[in-house]
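**Student:** Residue numbers (this note's numbering), protein chains in the order written: chain A, 335 to 685; chain B, 14 to 219. All residues carry an ideal CB built from backbone N, CA and C; glycine is no exception.
1) Nearest by alpha-carbon distance to residue 664(A): which of 537(A), 495(A) and 596(A) is it?
2) Taking 7 angstroms as the limit between beta carbons, can you name the residues of its chain near residue 510(A), skipping five residues before and five after?
3) Based on DSSP bridge pairs, tell me the residues matched to residue 667(A).
4) Considering only C-alpha positions, which residue in the set 429(A), 651(A), 652(A) and 418(A) is nearest to residue 575(A)?
5) Closer than 6 angstroms by C-beta to residue 525(A): which residues in its own chain qualify, once you throw out the five before and the five after it? Chain order, please.
6) With 9 angstroms set as the bound, which would you pick, yes or no: does the beta-carbon of residue 559(A) sit closer than that to a beta-carbon of chain B?
7) Please compile the residues from chain A whose C-beta is within a distance smaller than 9 angstroms of the C-beta of residue 6(B).
8) Look up residue 584(A) in the DSSP assignment and say whether it is helix, strand or coil.
9) Compile a chain-ordered list of the residues in the stretch 392-417 of chain A whose CB is closer than 7 angstroms to at least one CB of chain B.
10) Should residue 635(A) go down as buried or exposed, given a rule of 16 or more other Cβ atoms within 10 Å for buried?
11) Thinking residue 507(A) and residue 534(A) are a contact (beta carbons under 8 angstroms), I'd like their distance in whole angstroms, please.
12) May I ask you to report which of helix, strand or coil DSSP gives residue 448(A)?
13) Checking 9 angstroms against the spacing of the C-beta atoms, do residue 163(B) and residue 82(B) come in under that value?
14) Give me, in chain order, the residues of the same chain whose beta-carbon lies closer than 7 angstroms to that of residue 124(B); leave out the 5 immediate sequence neighbours on both sides.
15) Consider the Cβ of residue 149(B): report whether some Cβ of chain C lies at a distance smaller than 9 angstroms.
16) Which whole-angstrom value describes the C-beta separation of residue 537(A) and residue 437(A), a residue pair presumed to lie in contact below a C-beta threshold of 8 angstroms?
17) Using CA atoms only, rank isn't needed, just tell me which of 159(B), 109(B) and 204(B) is closest to residue 51(B).
18) In angstroms with no decimal places, state the Cα-to-Cα distance between residue 681(A) and residue 607(A).
19) Using DSSP bridges, identify the partner residues of residue 59(B).
20) Using 8 angstroms as the cut-off, can you tell me whether the stretch 584-596 of chain A makes contact with the stretch 630-649 of chain A, which would need three or more C-beta pairs spanning the two stretches below that distance?
21) Going by the DSSP bridge assignment, what does residue 144(B) pair with across the sheet?
22) Just to confirm, are residue 191(B) and residue 615(A) a CB contact at a threshold of 9 angstroms?
23) Roughly how far, in whole angstroms, is the beta-carbon of residue 427(A) from the beta-carbon of residue 420(A), given that I think they are within contact range, below 8 angstroms?
24) Check residue 467(A) in the structure and name its three-state DSSP category.
25) Give me the Cβ distance between residue 111(B) and residue 64(B), rounded to the nearest whole Å; I'm assuming they're in contact under 8 angstroms.
26) Which of the three DSSP states, helix, strand or coil, is assigned to residue 521(A)?
27) Looking at the strands, I want to know which residues DSSP matches up with residue 161(B).
28) Give the DSSP-derived three-state secondary structure of residue 82(B) in the structure shown.
29) If I measure Cβ to Cβ from residue 210(B) and keep anything under 8 angstroms in the same chain, skipping five residues before and after, which residues do I get?
30) Can residue 61(B) and residue 166(B) be called in contact, C-beta distance under 9 angstroms?
31) Figure out for me which residue from 79(B), 70(B), 69(B) and 104(B) has the closest Cα to the Cα of residue 39(B).
32) Quick check: residue 469(A) and residue 409(A), are their CB atoms within less than 9 angstroms of each other?
33) Run the CB neighbour count on residue 550(A), radius 10 Å, all protein chains shown included, and call it buried at 16 or more, exposed below.
34) Output, in chain order, the set of chain A residues within a Cβ distance shorter than 7 angstroms of residue 159(B).
35) Can you tell me whether DSSP reads residue 210(B) as helix, strand or coil?
36) Quick one: what's got a C-beta closer than 8 angstroms to residue 440(A)'s C-beta in the same chain, skipping five residues either side?
Next comes the structure, spelled out in structure tokens:
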């Protein structure tokens, strides 16, 4: 635990934090109405990543993103890979693409009166979705993931604005970590004009498309049937996904000790419903009805999982402070108080 | 045939000491004629069964029996192992046989760019057509993961035929029609390329 705090202290040297508090970076994933056209930013093919030091960083970012289990035990504490929730290696519109997130940071959050950089947002993913401990702000991993995201955004913008065939300019580590929303972010002139700061947090295809509130309140019971019919083939009846003979997880668990924790965005019923409706079953977008997506999101998130890393011993207090949204944390569900018997968080070596 | 089996098996054991995880049950002998003593199949005749998941194998027999998979020989042969106890025994036996080893299975993310279109499909898919990477479910180098069958080292003709059968609606019964959904989007060249790629893994033999 001490290591996390000192790492965080370095990351947040410029901001004020209570010494024993994890930063609340888990702002709800922005959900926007799905654009009906398909005019999404199109990242360049990975074949175009140059053979330079910068290109190597981009490639490392891709590799860490797709096979995050490389970082298991060091930074990743569960069976998740980034690509499990960000389809097509973070390239796919409406599947929380990295290029759309990248241009939306740094982002100001009213709640804690703090500006979060892109690197800090990714660190949050390690703490929550990956149930681990984030690499430091200046680590190779954070720079690589930022570089991969930047490369996709910039290549897509350059192609869109008549700069096809030109190499994506290299930017400093400081800019890479910050994200592209800052007024001082080094865009080619043409793009600065066409893509002003106020447009940068709303690229089409960002996040998961929002669904209208369901006609019927999401039901865990109905969701259980949906799960059996559509999800259990891959995620298993017990929600633990599928492991290969090599012991690695190939289909991610959705609850239990090796799933995302109670602080991850996906534990919110609405975020999970948006994700599921648009992206599941894999390769069969919008197979479920919207009501089914809501119901199965409720079912999946009605199971115990690793504890919210911000939890300090008082479940009700943690719920009141961080869980004023659609989720079952701190609620009694099927006779069990969720969050009471949670699995450990930050399950990396040496913790 | 049965009398000769012990001799054949003895020969196979000499050649490959680890080839048999258990003795072949008499009920499984009927399969070995085409699928091979080692379960590795026969080019242009029968697929490799070795290393496939027992539940998957059993389900395929069921699909032949119910007509969701169609093959004149297999429909008839499936009837010989239709008894649940026999089916279980046969499935478990072939599942226990070792498939050719892939020395270092390739994970998604190990390579960033690809010169072969088939390999790109295998590891990155083509999401413009909602085709996930094959390795997502079939595992690194397609070695198979649980009930997602092994593709590595599978007979080339068989891989191509299955994809074509799904594409043409001649094979069904897979969970959520996942594979027919994917196969209808594959071109003839892609099917050829994928069958060629996976069948030659591992390239170095056992």
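**Tutor:** This is what the structure gives:
1) 596(A)
2) 477, 480, 481 and 484
3) 670(A)
4) 418(A)
5) 491 and 495
6) no
7) A question about residue 6(B) goes unanswered here, because the residues of chain B that appear run from 14 up to 219.
8) strand
9) 393, 396, 397, 400 and 401
10) buried
11) Actually they do not touch by this definition, with Cβ atoms about 20 angstroms apart.
12) strand
13) no
14) 136
15) No chain C appears in this structure, whose protein chains are A and B.
16) 6 angstroms
17) 109(B)
18) 27 angstroms
19) 55(B)
20) yes
21) 139(B)
22) yes
23) At roughly 11 angstroms, the Cβ-Cβ gap does not stay under 8 angstroms, so residue 427(A) and residue 420(A) are not in contact.
24) coil
25) 6 angstroms
26) coil
27) 158(B)
28) strand
29) 129, 131, 132 and 135
30) yes
31) 104(B)
32) yes
33) exposed
34) 576
35) helix
36) 449, 450, 451, 452, 512, 513, 515 and 516
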